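Undergrad:
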Amino acid sequence: MRSRLPALAIFISFAAAPATAAEPAVKLPITRDTRFSGVGDEADGNSGGASMLKVKSIQELSLLDFDPAPLKGRVVARATLHLKSASPQNPLRRVTVGTFAAEWEEGTAAGYKPEKGASTFNRRKHPDEPWAYPGGSLNEVMLGRGGTIWRMADATPPDADGWQTVAVEPAVVMARVAGVSYGLLVFDDTGSEWTRNGETFTQKMLPNRFIFSKEAGPKSAPFLTVELGPADTTPPDAPTAVAAPVFPDRRPPIGDGVDVYWATPADTGWATVGFHVEVDGKPVPRYLIPAAGDVARMRLRPGDVPLRPPGFAVTVRAVDGAGNVGPPLELRQEFAGWGKRFEWNVEPPHRPNGAGRAPKFGAAEVFVVDPLDKIHPVTGAMTPPQADGYLTTNHLWHDGSVSLDAARNEFVGFQIVLRGAVEKVSAELEFDPPDDIGVSFYRYVHVPSRNGPLPDPLVPLRGPFAVPTPEEKIAGQKSGSLLAEVYVGHGATPGKRKGRLKLRAGKQTLDVPVALMVRDFSLPDRLSFVPEMNCYELPADELEYYRLAHWHRTVVNRVPYTQRGEVFDGCAPVWDGKAFDWTAWDARFGPLLDGKAFADLPRKRVPLELFYLPLHENWPAPMAGNYNGSYWADAAFPPRYRDTFVQASRAFAAHFSDRGWSGTLFQGFLNNKVEFKQKGWSRASSPWTLDEPVNWQDYWALKWFGDAFHEGVWAAGPGGAKMRYRCDISRPEWQRDGLDAVLDCNVVAGAAFHQHHRMIIERRDRLGQTLTVYGGTNAVEANNTQPVGWCLDAWTLGADGVEPWQTIGTLESWKKADELSLFYPGRPVGLRGPVPSVRLKAYLRGQQDVEYLALLEASSGASRRAIGEAVRAALKLNPVWQRTDRAATEDAGVIQFGDLKPQDLWALRTRVAAELGRLKVKPAPPLTAAPVPERPATLASPGKVSGVR
C-alpha cells in the first residue's frame, strides 16, 4: 500500500528572497567555460578554447563558471544568465541551468580535439580519469545525480543584438557559493522542434543552438546578474542523526552498500543547500553527497571510500546558500564488512566425455543432444560448435542412455537426432512410475536462412516422421530431429526413476533407456522473474497465444493501441464520455486476469503477470480538439482532458479491485512516437517520443501523464488492483530525477542497463521499482542459448525480467528466417493457434534456471549479488550488445554471449539443484508480490525556476 514518507535526498523548495531595495544587481563575468559532446569521437575531445558554446538536447551541453566570492554572506534573491545567440535560426528555447558535482578542467582546445588533462564528455581528465566512480559517466554529476539540483526556464527571444536571458534558480547559484557545486550546467530542454501545416509535418531534429563563449570577447561573452537579498552570516545548526527509515515490504537491495542518514538542520538565514562530509577524516567525493532534503541519505558502495570493520567515523557539516558552514555532526557508523562471497558446497557435476557409438536405427544413426543445439540438416554443422564426440557422449547422452534431472513443476527434454534415411518414425516415452509426468513430442521444422535451412519452429508430432522430411523438400537433407519434452508435475514423487524411449519405423525398433532424477523441490507457479513477450498485434486466435506463452512460463503482453492512437477493436471498455461499459471487455479479458483461461495448464489458474492498459494520449480523451501544440505537456491541454484521463485511471483501478483481479500488474504505458507523423500529422497521435524518449520535453510529458495516472489510482482508494506506471527507457542517463515520483515499472534498454548499471540499480533500490531489460532475441542463424544467457545475465545484475521487443511471427516467417518470430502461426502446418520456436523454449529454460537461483537466494541466506557473481564466474558471462539495424534511430540490439554452450547451462543448473538439496527450500516471492513503490510526500520532481510561469 502506498505510504507518505519523508523524502530521501531530494530537491528542497526554495522560496525567492526579496531583493534589497535600490541595490543594483551584481554582474558576474563567466570565468571559464566549455562544451561537451557525447557523439562519436567528439566525446573524447575538448572545446574549452572555442569561441562558441553549444547546447543540443542530449548530444551537446555547456558548462560555465563564475567567481562566487562577491556573493558570499548574502542571500541570492534572483539570478539571470545572459547568453548571446550565435545561431539566429536556432535560438535557445527552454533551458535548464543546474549545479555540477565534480571539478573540471576547461582546457584550451577547440572543435573537440583531444587534450591531455582537459575535461571531455567521457572523462573528467582526458584520457583516463572518470567523472565519478570507475566507469561513472558525466551523467553521474549533474541533472539530479550526485546531489545536484536543476530548474528549467524559457529563454527570452533574442534581442536586436542576439542576447537572450534565462532565469536561474537562486539555489543553483548559492550552491556554487556554498562550495557544493563547481559551475553552471546549461542544457537544451526543447531539443527537436516541429511545424505543422495541415497534414504536412516538418521536424527539425536536434537543432544546433550556438552561444558565444568568453573566448568570443567581452562584447559577446556570457555573464550572470544576481539580485541580492539581505546579509546572512549565521551558519546553520548541526545536522542530527536519524535512524534509517524502515520499509517492511521493500525488496532487498541489489549489491553491497552501507547507508548513512541525517536530518537537514534548520537555518536562521537562507536554507541549507548542501553538506560537507568526511569519512574517517577524509573528504567524501562530492558526487556521493546528497543534496539537502528533509532526510539526507548517503549510500557508499565498495570502492567509493576506504571502509574497514567494525565501523567508521562520519563528520557532516551543513552549509547554507550564503556560504556559512555549520558545526559538525559526528557519528559512528557500524560496518561489518562487505557481503561475503557465495561459496559452493558441492563440486560441479561430472561431464561424460570420450567418443561413444551411435545406435543404428535402420539406415539411420541416432544421437541425443540438448534441445537448444542447432544442427544444419545438410552439412551437420552445429551451433554452437561442439567438440568431436559430442554427438555420442554429452551431458544428456552417455553409453546409449539418456539422463535427465528436474525439479517438480519443471520442463526438461532432449533432442533426438536421426542421421540417415528413415521413414514412418513414431516415438513414445514412458516412465515407471508414471506419476504426474507428462511427455510431448515435437519435430524441428527448418526455415530458409542466410545459412541455408535451419531448425526453429517446433510442430507437435501428430504422425510419422521421416528423414528426408517430404513436406520440407530440403535438397541433400541428411538429418532431422525430434524434441522429447518431459513435464514433471507438482505431484511427482522425488527420486530416481527409469524410463524408456521407443522409436519405431515399420519393423525397425530402438529402445533407449532414460533415467530421470526428480528433485525434492518445486519451481513456483507464480513467476519471480518474467520473460515478457511484447507484441503490438495478435491474430484472431489470440487466446491460444496467451496460453502458449503461459505454458512456456512467459507472458504475452500486447500494446492495445496503434501509433495513430486507435485502440484495437474491443481492447478497451466502451466509453460514452461519462462512464465505462465493461461487459464485452470483461468477457474477453476476464479469463486471462482471473486465470480461468489457464485452468488446464501446468501453472493452473495463474493469471497473466503483466497487462497493458489502453490508456494513452489519445484515449479516452482524444488529442484532436484538446492538444494546443505546446512542446510542454503541462501547458498543452485544457483541464477537461486531464480530468478525463484521471477519471479513467480511477475507473480501471476500482473495477479491477471489484473483480478481485489482484494477481496482475496492470501497466499504464505510453508507446507512441512523434516520428510517425513524418508521413502525415494524423498518421500518429503523439507529439512526443513517449516510448524511448529522447528530448527533455519527452520525459516531461511522461512525468505529466504519470502524475495523472497516479492521481486516478489514488482516488480509487485502497484495493487489490496492482496499478503500475511503466516507461520504456533507452536513455536512462538522461531521465534526471524527473520520473522518480511516478515510475513503477522501469523497462530499460539492454545496452544501457549494462552501461549505466549502478545508476539504474540505485533507482530500483531507492524507489522500489520493478526492473525489466528489453532487447532482441538471437537470429535463427545464431546460438539458441542466447535467451537463457540473457535471463541469467539480467537476474544476476538485479533485473526482474527480460522483454524481447517483438515476438509474434507471420506467414512470411515460415518462408524466411525471422528473428522476431518466437510464436509461429499454426495455419501453414494445419494447426489452430501458434506453435513455439526453439527460441521460445530457450526462454522457458532461462526462466526455469532463474527460478533455481531465486530459490537458492531465498533458502541460503546469500545475497543475489553474491550468487550472481558466482554464476557469472561459473559461466564466464561476458556479454556484448550488438546492433541489429545500424540504420535505425532506435535499435534495441541483441545481447550475445559468444559460444555459451547448453552443457555449461546444464552444469550450473545441476550444481544449484545439488545445493538446494542440502537446504530447506523456501519459496521466492513472485514478481506480482512486489509492493507499490513508496512515494514520499515531497518526492515531486523539480520543474521550473521558482516564480517563473
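Just so you know, the sequence shown maps onto residues -21 to -1, 1 to 928 in mature numbering (1 follows the signal peptide of the UniProt record, and there is no 0).
The beta-carbon is built from N, C-alpha and C at its ideal position, and this holds for glycine as well.
Note that this is a predicted model, so its numbers are computed, not measured.
For Phe802, count neighbouring C-beta atoms within 10 Å of its own C-beta (all shown protein chains included) and say buried if the count is 16 or more, exposed if not.
TA: With 16 or more other Cβ atoms within 10 Å, it is buried.
Undergrad: Are there three or more Cβ pairs, one per stretch, closer than 8 Å when the region 675 to 684 is compared with the region 609 to 619?
TA: Touching, per the Cβ criterion.
Undergrad: Kindly list the residues whose CB is nearer than 6 Å to the CB of Leu279, restricted to its own chain and excluding five residues on each side of it in sequence; keep chain order.
TA: These residues qualify, in order along the chain: Val237.
Undergrad: Looking only at its own chain, which residues have a Cβ that is under 7 Å from the Cβ of Thr889, when we skip the five neighbours before and after it?
TA: Closer than 7 Å at the Cβ level, and outside the excluded window around Thr889, lie Pro328 and Asp384.
Undergrad: Out of Ala728, Arg429, Gly847 and Pro601, state which residue places its alpha-carbon closest to the alpha-carbon of His355.
TA: Taking only the C-alpha atoms, the option nearest His355 is Arg429.
Undergrad: Whole angstroms is fine: what's the gap from Gly699's alpha carbon to Gly574's?
TA: Cα-Cα distance, rounded: 16 Å.
Undergrad: Grouping DSSP H, G and I as helix and E and B as strand, with all else coil, what is Arg582?
TA: If DSSP states are grouped into helix, strand and coil, Arg582 belongs with coil.
Undergrad: To the nearest angstrom, how far is it from the Cα of Arg53 to the Cα of Gly248?
TA: If I take the Cα positions, the gap works out to 9 Å.
Undergrad: Could you check if Trp667 is buried or exposed, using at least 16 other CB atoms within 10 Å of its CB as the buried criterion?
TA: Result: buried.
Undergrad: Out of curiosity, what's the CA-to-CA distance linking Ala454 and Val873?
TA: When rounded, the distance between both Cα atoms is 32 Å.
Undergrad: In the DSSP assignment, find the unbroken alpha helix (DSSP H) run with Leu681 in it and report its ends.
TA: That run of the alpha helix (DSSP H) goes Trp675 to Ala695.
Undergrad: Glu257 bridges to which residues according to DSSP?
TA: In the DSSP output, where bridge partners are listed per residue, Glu257 has Pro262 and Thr294.
Undergrad: Short of 7 Å in beta carbon distance, which residues of its chain neighbour residue 963, apart from the five on each side in sequence? Order them along the chain.
TA: Only positions -21 to 928 of the chain appear in this structure, which leaves residue 963 out of reach.
Undergrad: Let me know the secondary structure DSSP gives Ala97 once reduced to three states.
TA: If DSSP states are grouped into helix, strand and coil, Ala97 belongs with coil.
Undergrad: So, with DSSP's three-state summary, where would you put Pro813?
TA: The answer is strand: DSSP assigns Pro813 an E or B state.
Undergrad: Taking the CB atoms as reference points, tell me whether Leu286 and Val258 lie closer together than 9 Å.
TA: In this structure, Val258 lies closer than 9 Å to Leu286 by Cβ.
Undergrad: Pro(-16) to Pro570, Cα distance in whole Å?
TA: Since pLDDT at Pro(-16) reaches only 33, below the 50 mark, its modelled position is unreliable, and no value is offered.
Undergrad: Expressed to the nearest angstrom, what Euclidean distance is found between the alpha-carbon atoms of Pro617 and Thr623?
TA: Roughly 11 Å separates the two Cα atoms.
Undergrad: Let me make sure I understand the geometry here. Which of Trp323, Thr775, Pro307 and Arg662 has the alpha-carbon closest to that of Thr179?
TA: If we check each option's Cα against that of Thr179, Arg662 comes out closest.
Undergrad: Just the Cα atoms here: how many angstroms apart are Thr87 and Ala195?
TA: Using only the alpha carbons, I get a separation of about 13 Å.
Undergrad: What are the boundary residues of the beta strand (DSSP E) that Glu407 is part of?
TA: Here the beta strand (DSSP E) through Glu407 covers Val401 to Asp411.
Undergrad: Which of the three DSSP states is assigned to Asn651 in this structure?
TA: Coil, per DSSP.
Undergrad: Who are the near neighbours of Val859 in its chain, counting only those whose CB is closer than 6 Å to its CB and skipping five residues on each side?
TA: Same-chain partners within the cutoff: Gln875.
Undergrad: Look at Ala758 and Ser507 and say whether their C-beta atoms are less than 9 Å apart.
TA: Their beta carbons are not under 9 Å apart, which means Ala758 does not touch Ser507 by this criterion.
Undergrad: Looking at the structure shown, is Ile(-10) part of a helix, part of a strand, or coil, going by DSSP?
TA: Note that Ile(-10) scores a pLDDT of 44, beneath 50, so its modelled location is shaky; the value from the coordinates is reported in the next line. Correct three-state label for Ile(-10): coil.
Undergrad: Let's see if you can read the secondary structure: which residues bound the beta strand (DSSP E) around Trp142?
TA: Per DSSP, Trp142 belongs to the beta strand (DSSP E) from Trp142 to Val147.
Undergrad: Does at least one heavy atom of the ligand SAH sit under 8 Å from the Cβ of Thr863?
TA: As far as ligands go, the structure on display features none, and thus does not contain the ligand SAH.
Undergrad: Which of the three DSSP states is assigned to Leu(-17) in this structure?
TA: No answer about Leu(-17) holds up, because its pLDDT of 32 lies below 50 and its placement is not dependable.
Undergrad: With a threshold of 7 Å on Cβ separation, who are the neighbours of Ala210 within its own chain once the five nearest residues in sequence on each side are excluded?
TA: Same-chain partners within the cutoff: Gly52 and Arg53.
Undergrad: Please classify Phe321 as buried or exposed, where buried requires at least 16 neighbouring CB atoms within 10 angstroms.
TA: When all chains shown are included, Phe321 counts as buried.
Undergrad: For Ser458, which residues does DSSP report across the bridge?
TA: Partner(s): Arg398.
Undergrad: Can you name the residues that DSSP bridges to Met184?
TA: Met184 is not bridged to any residue.
Undergrad: Give the range of the beta strand (DSSP E) segment to which Arg175 is assigned.
TA: Note, Arg175: beta strand (DSSP E), Glu172 to Asn176.
Undergrad: Name the two residues that bound the continuous beta strand (DSSP E) containing Phe321.
TA: Careful: Phe321 lies outside any beta strand (DSSP E) and carries neither H nor E.
Undergrad: Do you know how far the Cα of Pro306 is from the Cα of Arg188?
TA: So the two alpha carbons sit approximately 45 Å from each other.
Undergrad: With contact counted as at least three CB pairs below 8 Å, one residue from each stretch, are the region 296 to 305 and the region 329 to 337 in contact?
TA: Verdict: no, contact absent.
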